[in-house]
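Participant: Take this structure first; my questions come after.
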Amino acid sequence: MSAVLTPPPTAPAGSFGGLVRAETHRFLARRFIRVLLLVALAGWATALVVSLLAFQTPSPERLAEARAAQQEQIQLAGEGREQCLADPARPADVAPDDWCGPPATADQLPLSMFLQPEPFSLSADGTAGAVSVAALAAALAFLVGGTFVGAEWSTRSMVALLFWETRRPRVMAAKLLVTAVASAVLGLLMQALWLGLATLLQSVVGDGVTPPAGFWSELLGAQGRGVLLAVFAGLLGFGLTNLLRNTGAATGVAFVYVAIAENAVRALRPAWQPWLLTNNAAALVLPDGLTLYLDDRVDSQGVYRQVEYLLTSGQAAAFLTLVTAAVVGVGVVLFNRRDLH
Amino acid sequence: MPAVELHAVSKSYTRRGRPPQKALDDLHLVVESGGVHGFLGPNGSGKTTTIRVLLGLVRADAGDVRLLDRPVPAGLPEVIGSVGALVETPLFFPGFSGRRNLRLLAETAGVPRGRVEEVLDVVALRDRADDRFKGYSLGMKQRLGIAAALLKRPRLLVLDEPSNGLDPAGIRDVRELIRRLGSDGSTTVLLSSHLLAEIEQVADSVSIMARGRCIASGPVREVLAGRSSGDVRVRVPDRAAAAAVLTAAGYRVSPADDALLVSAVRAPGEVTRLLAEHGHYLEELSPVAADLESAFLALTADPA
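These protein sequence lines are chains A and B, in that order. Sequential numbering from 19 applies to the first sequence in our numbering. Sequential numbering from 36 applies to the second sequence in our numbering.
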């Protein structure tokens, strides 16, 4: 060991910008994040290959055959209905449509049923795909947020960092900022991958149908709210793990909540469904919110009626904001007050 | 200006279902700037709690704490850039290399990246700097911890058991480094160690903790002098006859190898005169100096 060290005058702690830069570099250098990105890209490539094999744009001949088969089925269904209506055993007090069914139409027997393999339909599957991708991105963001702070506690680097920046709220703020931005980037990346995949499939193996008016605004709106959901999930993962100081425990609690607690509420207290996190997550992303069936009730005329409740995206965003703020806030307050060993 | 000041500091830990455990009990401790200050105490005496209170990791229940003339914890952000610390086990990300760990810390504190290479040189770890931390030996981990503590060019360097896991050459290197840092006039090294010999060799002053209090503090020589036994070692040709003369004069005498150990001697000249008067001429008379270990053991002995 050599070298002469000449200490300067007293120096304060580093800037918040430096702290955020260091946290960002640490985040990006984590193997879990790199593996996650690789898995996402590999998953995208696999989905592309599988979809290209599963879907196929129909040739004019196949389209004509499918239309003929569709017409044949509609005709057969119509003949069957006529026989049913003509049956003398048909009860007189039951409406014909209730006994023999309504007349068959092309809507009930869509053309895609007669196309094997069927073509990809951007208008039919674009938004539904974005909602599914949002759910996947939220689950990954939860893990990203949780493992980010969980690694800090398991290696006790959280304590070591306080030798360098003693203002604990700053330390937490830098980590939360990085988590929020990273979750948003993850959500954005996954939605961009879905949009790219869907557009590619539509152009290569699509149904050739031009999406209806308002389709793109609905799709992009759902994707934007999907990114917001990823941010909530990332922060919740961070907050819960920071409270429990263990990634495994936080993941376990999340699993028990989603798999057991929420289902128990649905079965035993259906009226509480608007307060369930997964319902709010779905309501946030779905274009028209989420309709919940809260309870069966007997009205004043003695008829059973299902009570519906529309959980809107706005309500869901407000609820998720409150829950995330509470979970993160309690963790930050405890971190600020506790003795650290 | 003292580098460290603690006045009437108390801290108790409360655990559910157990009575509060007092870790610091009206602690008064002052470490003057410059030099190496040894911080001694048996396990559970409050050393680590004291260091954690100084670094703002643990909040004191009562008392005043100042670090580099700033109150702790309120003023800590103003001076933390001048405080380097290695507390117990070095804490780093196991999957990152030593260099990357140091660079992240440097970035946090706004320290230039070039400083990372300097401190890697100081602890002789540059060749292994790109290896993952989890692959380091205990000694290498400890050296990286010291490198991190030096990154900020600290005015106050807090080292808690820095020689843990080091081989003899490493221990010597760390000792030389501490000595060099302590002698540059502008760095204060607060060295907590259970190696009494280490403290004795490098420390200018020492504080001894027991049961949450500082029971002795000052320059090493003064602390040792305060515990001086007053024993002298006497070597004469006829030990039996000399022992008889001294015992008859009221001294307590016991054999010690090829000499005699005479206890509680107020004036060694008396012993010389007495023996000479009886025809015993001294080959050796030397005071038995208290070493830090005996001082430490005597001071920290449980009164019960």
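Note that CB positions come from ideal geometry on N, CA and C, so glycine has one too. Being a predicted model, the structure only gives us computed values, none of them experimental.
How many whole angstroms separate the CB atoms of Ala156 of chain A and Leu247 of chain A, which I take to be in contact at a CB cut-off of 8 Å?
Facilitator: About 5 Å separates the two Cβ atoms, so the contact holds.
Participant: Check each residue of the segment 172 to 189 of chain A: if its Cβ is closer than 8 Å to any Cβ of chain B, include it; give the result in chain order.
Facilitator: Within the segment 172 to 189 of chain A, the residues whose Cβ lies closer than 8 Å to some Cβ of chain B are Thr173, Arg174, Ser175, Val177, Ala178, Leu179, Leu180, Phe181, Trp182, Glu183, Thr184 and Arg185, listed in chain order.
Participant: Considering only the beta carbon of each residue, do Gly81 of chain B and Leu102 of chain B sit closer than 9 Å?
Facilitator: Taking 9 Å as the Cβ cut-off, Gly81 of chain B and Leu102 of chain B do not qualify as a contacting pair.
Participant: Along chain B, in chain order, which residues have C-beta atoms closer than 9 Å to that of Leu195 of chain A?
Facilitator: Result: empty, since nearest Cβ-Cβ is about 14 Å, beyond 9 Å.
Participant: Quick one, which of A:Leu179, A:Thr330 and A:Gln333 has its alpha-carbon nearest Leu121 of chain B's?
Facilitator: It is A:Leu179 whose Cα lies nearest to the Cα of Leu121 of chain B.
Participant: Identify whether Val118 of chain B lies in helix, strand or coil by the three-state DSSP scheme.
Facilitator: Three-state result, Val118 of chain B: strand.
Participant: Going along chain B in order, which residues have a C-beta closer than 7 Å to the C-beta of Arg323 of chain A?
Facilitator: None at all; the shortest Cβ gap to chain B is about 51 Å.
Participant: With H, G and I counted as helix, E and B as strand and the rest as coil, what does DSSP make of Pro129 of chain B?
Facilitator: If DSSP states are grouped into helix, strand and coil, Pro129 of chain B belongs with coil.
Participant: Answer yes or no: does any C-beta atom of chain A fall closer than 9 Å to that of Ser218 of chain B?
Facilitator: Judged by the 9 Å Cβ criterion, Ser218 of chain B is not in contact with chain A.
Participant: With a threshold of 9 Å between beta-carbons, can Lys187 of chain B be considered close to chain A, or not?
Facilitator: Output row for Lys187 of chain B: interface = yes.
Participant: Could you tell me whether the Cβ of Ser33 of chain A comes closer than 9 Å to any Cβ of chain B?
Facilitator: Taking Cβ atoms only, chain B reaches closer than 9 Å to Ser33 of chain A, which makes this a yes.
Participant: Between Gly307 of chain A and Leu328 of chain A, is the Cβ-Cβ spacing less than 9 Å?
Facilitator: Contact flag set, yes.
Participant: Grouping DSSP H, G and I as helix and E and B as strand, with all else coil, what is Ala276 of chain B?
Facilitator: Reduced to three states, the DSSP call for Ala276 of chain B is helix.
Participant: Do you know offhand how far Leu195 of chain A's Cα is from Arg188 of chain A's?
Facilitator: Leu195 of chain A and Arg188 of chain A: Cα-Cα distance of roughly 10 Å.
Participant: Out of curiosity, what's the CA-to-CA distance linking Ser139 of chain A and Arg150 of chain B?
Facilitator: When rounded, the distance between both Cα atoms is 59 Å.
Participant: Are the CB atoms of Leu296 of chain B and Val267 of chain B within a distance shorter than 9 Å?
Facilitator: The answer is yes: Cβ separation under 9 Å.
Participant: Please go through the segment 148 to 188 of chain B and give each complete alpha helix (DSSP H) segment of 4 or more residues, from N-terminal end onward.
Facilitator: Complete alpha helix (DSSP H) runs here, min 4: 149 to 157 and 173 to 185.
Participant: Using the Cβ count rule (16 or more neighbours within 10 Å means buried), how would you classify Ala144 of chain B?
Facilitator: Classification of Ala144 of chain B: buried, given that the 10 Å Cβ count is 16 or more.
Participant: List the residues that DSSP assigns as beta-bridge partners of Cys249 of chain B.
Facilitator: Paired residue(s): B:Met244.
Participant: Going by beta carbon distance, what residues of the same chain come within less than 8 Å of Ser252 of chain B, once the five residues before and after it are set aside?
Facilitator: Excluding positions up to five away in sequence, the list reads Leu64, Val65, Ser240, Val241, Ser242, Ile243 and Val258.
Participant: Answer with buried or exposed for Tyr311 of chain A, where buried requires no fewer than 16 other C-beta atoms within 10 angstroms of its C-beta.
Facilitator: Result: exposed.
Participant: Please check the pair Leu111 of chain B and Thr145 of chain A, which I expect to be a contact at CB under 8 Å, by giving their CB distance rounded to whole angstroms.
Facilitator: So it is not a contact: roughly 53 Å between Cβ atoms.
Participant: From this set, A:Val203, A:Pro230, A:Glu41 and A:Ser172, which residue's C-alpha is nearest Ala142 of chain A's C-alpha?
Facilitator: Comparing Cα-Cα distances from Ala142 of chain A to each of A:Val203, A:Pro230, A:Glu41 and A:Ser172, the minimum goes to A:Pro230.
Participant: Among the candidates B:Asp162, B:Glu153 and B:Glu211, whose CA atom is the shortest distance from the CA of Ser132 of chain B?
Facilitator: The shortest Cα separation from Ser132 of chain B among B:Asp162, B:Glu153 and B:Glu211 belongs to B:Asp162.
Participant: Ignore the nearest five residues each way along the sequence and tell me which others in Arg263 of chain A's own chain have a CB closer than 7 Å to its CB.
Facilitator: For Arg263 of chain A, where only same-chain residues beyond five positions count, the Cβ hits under 7 Å are Trp171.
Participant: May I ask you to verify whether the segment 80 to 98 of chain B touches the segment 183 to 197 of chain B, counting CB pairs closer than 8 Å and requiring at least 3?
Facilitator: In short, these stretches touch, since the Cβ pair count reaches three.
Participant: With a floor of 4 residues, list each alpha helix (DSSP H) that falls wholly inside the segment 41 to 85 of chain A, ordered by position along the chain.
Facilitator: Segments of the alpha helix (DSSP H) lying fully in the segment 41 to 85 of chain A: 49 to 72.
Participant: Using 8 Å for Cβ pairs, my map puts Leu129 of chain A next to Ala84 of chain A. What's the rounded Cβ distance?
Facilitator: About 6 Å; that satisfies the 8 Å criterion.
Participant: Where Glu136 of chain A and Glu90 of chain A are concerned, what is the direct C-alpha to C-alpha distance, given to the nearest angstrom?
Facilitator: The alpha-carbon atoms of Glu136 of chain A and Glu90 of chain A are separated by roughly 19 Å.
Participant: If the cut is a Cβ gap below 9 Å, which residues of chain A does Pro108 of chain B touch?
Facilitator: Here the neighbours are Thr184.
Participant: When the Cα atoms are used, what is the spatial distance from Ser19 of chain B to Arg44 of chain A?
Facilitator: Here chain B covers residues 36 to 339 and nothing more, so residue 19 of chain B does not appear.
Participant: Using a Cβ-Cβ cutoff of less than 6 Å, which residues in the same chain neighbour Thr309 of chain A once the five nearest sequence positions on both sides are dropped?
Facilitator: The answer, listed in chain order, is Glu326 and Leu328.
Participant: Could you tell me the alpha carbon to alpha carbon distance between Pro189 of chain B and Phe353 of chain A, rounded to whole angstroms?
Facilitator: So the alpha carbons of these two residues sit roughly 27 Å apart.
Participant: Counting only runs that start and end within the segment 263 to 316 of chain A, where is the beta strand (DSSP E) found for 3 or more residues in a row?
Facilitator: With a minimum length of 3 residues, the continuous beta strand (DSSP E) runs that stay inside the segment 263 to 316 of chain A are 308 to 316.
Participant: Classify Leu179 of chain B as buried or exposed, calling it buried when 16 or more other Cβ atoms lie within 10 Å of its own Cβ.
Facilitator: Buried, by the Cβ-count rule.
Participant: Anything in the segment 108 to 124 of chain B with a Cβ closer than 7 Å to a Cβ of chain A? List those residues in chain order, please.
Facilitator: Cβ contacts with chain A come from Pro108, Leu111, Pro112, Glu113, Val114, Ile115, Gly116, Ser117 and Ala120.
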